[in-house]
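One structure below.
There are 2 protein chains.
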Amino acid sequence: MSLVVVGSVAYDGLETPHGKVDRILGGSCTYIALAASFFTRVKIVAVVGDDFSRDDIALLLGRGIDLEGLERVPGKTFFWSGVYSADMNDRTTLVTELNVFADFNPKLPESYRSEPYLLLGNIQPALQRSVREQMSGLRYIGGDTMNYWIRDYHDELLATIRQWDFLLINDSEARMLAGAYNLRRAADKILAMGPKTLVIKRGEYGAILFHGQQHFIVPGFLLEDVFDPTGAGDCFAGGFMGYLAQQGVHPSVEEIDHQLLRRAVIYGSVMGSFCCENFGPDRFRTLTRADIDDRYREFKAFTDF
Amino acid sequence: MSLVVVGSVAYDGLETPHGKVDRILGGSCTYIALAASFFTRVKIVAVVGDDFSRDDIALLLGRGIDLEGLERVPGKTFFWSGVYSADMNDRTTLVTELNVFADFNPKLPESYRSEPYLLLGNIQPALQRSVREQMSGLRYIGGDTMNYWIRDYHDELLATIRQWDFLLINDSEARMLAGAYNLRRAADKILAMGPKTLVIKRGEYGAILFHGQQHFIVPGFLLEDVFDPTGAGDCFAGGFMGYLAQQGVHPSVEEIDHQLLRRAVIYGSVMGSFCCENFGPDRFRTLTRADIDDRYREFKAFTDF
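Sequence order for the protein chains is A and B. For the first sequence, our numbering gives the first residue as 91, with consecutive numbering after it. For the second sequence, our numbering gives the first residue as 91, with consecutive numbering after it.
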């Protein structure tokens with residue numbers, strides 16, 4: 091049983107106070123898949139150009155990720171570059187070249203279609219919906235979105251997330267989607283839109299899980315050095331969903347164990363924190379499952395009272 | 091055994107998205123004392139003018155607070171007014187009239203001098219030091235400060251906090267004091283300045299405790315309505331120190347129980363959260379110890395995994 095991940099595979103140019111890289115593997119699908127691969131088998135659906143490198147293919151394959159759904163077409167891979175502020179809480183986009191991603195129309199290989207778990211990275215809501223429709227036997231499905239779709243594709247987005255078990259977005263997006271500043275009120279409104287579970291990511295401040303009448307708040311891990319926060323939110327999603335898939339999350343979302351979701355939020359936080367320790371996805375080249383479980387225990391240690 | 095609290099007693103004019111009050115009891119000493127009074131006996135040292143109202147005296151006395159050290163002099167009480175932004179994360183000062191507070195020179199009544207616990211609200215560091223020197227038999231002492239003293243009274247401040255068991259400041263102040271952005275690094279530098287315990291307040295995001303080689307992070311309570319955040323940081327301090335005093339914190343700070351400090355941080359968070367539920371200190375008119383213990387259990391419930 092595998093987790094199917096859909097989203098962008100890209101090259102990023104990054105500049106943080108710790109340094110600069112002109113071109114490094116990036117994209118939501120990449121980060122989600124890498125993070126989730128430490129928990130479960132992952133199959134990706136994405137598109138790249140003919141400039142996509144063998145080394146990056148090797149990195150993904152090395153993590154056991156199924157690339158049958160990674161379409162390679164003539165042209166250049168999606169490219170984004172940005173520069174972070176000194177405190178790394180803001181970033182300015184310098185370049186966005188959609189390239190082959192502009193015509194991305196995800197088609198799932200036959201071997202993907204009966205998988206039980208689906209995580210939809212931040213792409214056009216109609217495309218997210220089309221992926222779902224290509225799958226049968228789904229047990230648990232969720233995804234991410236962003237301000238652009240919330241503002242300009244509102245109805246389409248609502249029709250899409252109505253079918254999801256969980257939605258995973260950041261705090262400003264939650265406020266925008268709900269039209270409410272207070273996060274508790276915003277969460278109530280979003281849970282009324284369909285998803286039974288909402289995870290609000292708060293960057294360095296951690297995350298909040300809303301599920302049924304309960305909520306759970308976890309602070310962010312206090313890193314000695316935040317090297318590069320690119321992809322941390324997607325790695326959170328990958329850790330969250332990867333863990334749930336590994337645990338064989340129950341098909342009836344009504345009955346899903348709240349404590350299981352809390353642990354999934356911790357694994358999400360763990361993967362997001364590791365992501366920041368090196369440029370791009372480089373931390374995942376050396377990370378081990380033992381490192382992950384150590385950090386899970388650290389979360390326990392610094393939050394317990 | 092009582093807790094001695096020194097700081098400002100003031101009148102505030104407040105405007106938040108929830109409403110406006112022209113003149114309400116405020117000041118660091120007021121908030122700290124009210125919050126701490128739910129845990130321990132409190133004696134305050136402060137100055138007010140001849141405009142200070144009987145009703146406000148009655149509020150403080152009603153909470154069992156000893157006012158022998160509340161000096162009343164001719165003139166007007168310290169007045170501050172400000173307006174909060176829509177998200178309440180920023181506030182703009184409209185008026186600051188120091189009035190009788192400009193010449194505040196705390197003199198402790200004889201009956202205060204042998205008390206074991208001292209909490210120094212945010213005032214001039216030299217005055218904080220003079221209060222400490224008037225006391226004998228102190229078991230546990232700490233306080234707060236602000237950006238103004240960190241920037242313009244740096245050496246004096248360092249000489250003052252060197253003698254403290256704990257320092258309680260917000261995140262931007264910690265960064266300024268340490269000259270380091272990363273909070274883990276900043277904490278290391280501050281702990282090298284003297285205090286064995288550092289609590290960094292993060293507003294709605296909670297607080298971090300640093301003590302020895304350990305740290306503890308608690309997220310903020312998710313209120314349905316943040317009515318008025320004025321005084322929340324001081325109420326945190328009052329709950330933190332009030333609980334420690336109630337527990338009869340050990341004289342040797344080397345040996346202080348780390349778990350006790352964690353619980354004190356939770357009680358601080360609890361008191362800060364209640365403070366935001368009404369204008370000024372109004373929430374404390376009706377709050378009960380049972381409410382406090384209920385919210386303590388809520389903190390446990392929403393952070394446990």
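Where a beta carbon is used, it is the ideal one built from N, C-alpha and C, also for glycine.
Check: Element boundaries [alpha helix (DSSP H), containing Ala-216(B)]; Outcome: 215-223
Check: Within-8 Å CB hit, Ile-240(A) to chain B; Outcome: no
Check: Neighbourhood of Gly-358(B) by C-beta distance below 6 Å, restricted to the same chain and skipping five residues each side; Outcome: Phe-326, Gly-329, Phe-330
Check: Beta-carbon proximity check, Thr-393(A) vs Pro-319(A), cutoff 8 Å; Outcome: no
Check: Other residues of its chain near Leu-247(A): CB distance less than 7 Å, five sequence neighbours each side excluded; Outcome: Pro-215, Thr-235, Trp-239, Ile-240
Check: Beta-carbon neighbours of Leu-115(A), restricted to chain B and to distances below 7 Å; Outcome: None at all; the shortest Cβ gap to chain B is about 26 Å.
Check: Partners in chain A for His-348(B), counting only beta-carbon separations shorter than 8 Å; Outcome: What His-348(B) touches in chain A: nothing, since even the nearest Cβ is about 10 Å away.
Check: Reduced DSSP secondary structure (H/G/I, E/B, other) of Ile-231(B); Outcome: strand
Check: Contacting residues, own chain, Cβ-Cβ under 8 Å from Ala-277(A) (five flanking each side not counted); Outcome: Ala-264, Ala-268, Leu-288, Ile-290, Ile-298, Phe-300, His-305
Check: Segments of 3+ residues assigned as beta strand (DSSP E) that fall wholly inside the stretch 113-152 of chain B; Outcome: 131-138
Check: Leu-151(A) classed as buried or exposed, judged by whether at least 16 other C-beta atoms fall within 10 angstroms; Outcome: exposed
Check: Beta carbon of Arg-352(A) nearer than 8 Å to that of Phe-389(B); Outcome: no
Check: Residue span of the beta strand (DSSP E) that contains Ser-92(B), given as start and end; Outcome: 92-96
Check: Distance between Asp-140(B) and Val-111(B) (C-alpha atoms, nearest Å); Outcome: 21 Å
Check: Proximity of Leu-184(B) and Ser-171(B) at Cβ, strictly below 8 Å; Outcome: yes
Check: Opposing strand residues paired with Tyr-357(A) [DSSP bridges]; Outcome: DSSP output for Tyr-357(A) lists no bridge partner at all.
Check: Whole-angstrom C-beta distance between Lys-133(A) and Ser-92(A), which should lie under 8 Å; Outcome: 5 Å
Check: Coarse secondary structure for Gly-370(B), derived from DSSP in three states; Outcome: coil
Check: Proximal chain B residues relative to Asp-397(A), where beta-carbon distance stays under 8 Å; Outcome: Look at the range of chain A in this structure, 91 to 395, and you will see that residue 397(A) is not part of it.
Check: Neighbour flag for His-301(B) against chain A, beta carbons, 8 Å; Outcome: no
Check: is_contact[Leu-258(A), chain E] using C-beta, thresh 8 Å; Outcome: Among the protein chains in the structure shown, which are A and B, there is no chain E.
Check: Beta carbon of Gly-227(B) nearer than 8 Å to that of Arg-252(B); Outcome: no
Check: Supposed close pair Arg-222(A), Leu-208(A) - CB separation, criterion 8 Å; Outcome: 7 Å
Check: Cβ separation of Val-135(B) and Gly-159(B), assumed to be a contact under 8 Å, to the nearest whole Å; Outcome: 4 Å
Check: Proximal residues of chain A, C-beta to C-beta of His-305(B) below 8 Å; Outcome: Leu-312, Phe-392
Check: Chain-order list of residues whose beta-carbon lies under 6 Å from that of Glu-294(A) (same chain, five-residue window excluded); Outcome: Gly-310
Check: Burial state of Pro-164(B) (16 or more Cβ within 10 Å); Outcome: exposed
Check: Close Cβ partners of Gln-336(A) (< 8 Å) along its chain, the five nearest in sequence each way excluded; Outcome: Phe-129, Thr-130
Check: Within chain B, the residues that Phe-326(A) reaches when beta carbons sit closer than 8 Å; Outcome: Neighbours of Phe-326(A) on chain B: none; closest Cβ ~15 Å, over 8 Å.
Check: Residues from the stretch 286-301 of chain B in contact with chain A, defined by Cβ distance under 8 Å; Outcome: Arg-292, Tyr-295, Gly-296, Ile-298
Check: Spatial distance of Arg-375(B) from Arg-219(B) (CA atoms); Outcome: 32 Å
Check: Helix, strand or coil at Thr-167(A) according to DSSP, with G and I counted as helix; Outcome: coil
Check: Residues of the stretch 169-181 of chain A whose Cβ lies closer than 8 Å to any Cβ of chain B, in chain order; Outcome: Ala-176, Asp-177
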